[in-house]
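Following: one structure in C-alpha cells, then a few remarks.
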Amino acid sequence: MNAEVKPEELREAAHALRAVARRTPVVHANWLSEMFGHPVLLKCENLQRSGSFKLRGAYLRISRIPEPDRERGVVAASAGNHAQGVALAAGQLGVTSVVYMPRTASLPKVEATRAYGAEVCLVGDTVEDALAAAQAAAEETGATLIHPFDHRDVILGQATVGLEILEQVPDVASIVVPTGGGGLLAGVASAVNVVKPSVAVIAAQASGAFTMQRSLAAGHPVALEGRPTTMADGIAVARPGELPLDLVEGVVRESVAV
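So in my numbering, the last spot in the sequence shown is 240, and the numbers never skip.
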C-alpha cells in the first residue's frame, strides 16, 4: 500500500484546524533533563481543547463528511479522550454524536463527553468491545463511524502535533510518541518524514499493550493475546491500525516498551 502523506495534505490539515485546535506549548521538563543529561521537552496536548490531541483528528474527519451523510450523525468508541474529541468536534459542526465507551471508563471522562453534547452508551469492558458496538450501530443506522486511529483524516489531524513540534523546536533531535492504535504516531511520523526526516521518531508503548514492534516485524497488525493491561486507558489497544502501521513502516526509528 502506498499510504505516504503528501506535503499538501499536511498544509490543508493545518489550515483546517488553525481556528479550532490550540497551538499547545512546549515546556522544559527539568527533572527529566537532569536525569538523562540532555534537554527534554514536553508537548502539552493535555492543555488542548477537550483535554488531548484527539480533537484534531476528530474535527478534521467529521468536517470532511459529505453533507447528506452528516444528517445521519456520527458514532465513535473510546475510553475517554477520543470520546471527548468527537463530542466537541461534532457539536461545533452541528452533527449529532453517539459515543460507545467501556463500562470501565473513568466517570469524569464519561461526564465530560456528555457535557460536550454526545449521547454516551456504556458497553463491554474494553475499547474493543465499545468499538464493535459502534461499528454495529453505524451499519444499522447509517451514521458515520469516527475511528479513533485507523482513518487517513484522523491521522492527518494528529499530524499537526508533529508540525507544531518541528516549528516550536527547530533543533529537535528525537520525538517520543506514546502509542496505542498508532494514530498519533503515524501523524507525527508523517509530518517528520515530509518536513525533517533526520529527526528520530520513537514509539513508546506500555509493556502490557506492546503490539507495535511485533506488528512492524510481522509487516501486518498483530493482536495481543488477551486484554491489554495498563493504567493508561488511552493506549490500552490490543491491535494497531492497518493504515497507521503502513505509514510508520520505515519511518519510526524504534519501538520501546515501558
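Every residue gets a Cβ at the ideal spot worked out from N, C-alpha and C, and that includes glycine.
- Counting the other Cβ atoms within 10 Å of the Cβ of G19 gives fewer than 16, which makes it exposed.
- Contact between A40 and A71 holds: CB atoms are separated by about 4 Å, below the 8 Å threshold.
- With 16 or more other Cβ atoms from the protein chains shown falling within 10 Å of its own Cβ, T108 counts as buried.
- Between the alpha carbons of G67 and L167 lies a distance of about 17 Å.
- Under DSSP, V81 shares a beta bridge with A58 and V102.
- Distance from A205 to A220 at the Cβ level is roughly 5 Å; contact confirmed, criterion being Cβ atoms closer than 8 Å.
- Runs of beta strand (DSSP E) with 3 or more residues, each lying fully within the segment -15 to 49, are found at 8 to 10 and 23 to 25, listed in chain order.
- In this chain, the alpha helix (DSSP H) harbouring R196 covers M194 to A200.
- Per DSSP, reduced to three states, the secondary structure at A205 is coil, with no helix or strand assignment.
- In this structure, V102 keeps its C-beta atom at 8 Å or more from the C-beta atom of A115.
- The beta carbons of A69 and Y98 sit closer together than 8 Å.
- DSSP, read as helix, strand or coil, puts P222 in coil.
- In this structure, V(-13) sits away from S180, with a CB-CB distance that is not shorter than 8 Å.
- Per DSSP, reduced to three states, the secondary structure at I147 is helical.
- With contacts defined by Cβ atoms closer than 8 Å, V8 and L23 form a contacting pair.
- Using a Cβ distance threshold of 8 Å, D132 and P226 count as a contacting pair.
- About 13 Å separates the Cβ atoms of A(-5) and L37, ruling out a contact at the 8 Å cut-off.
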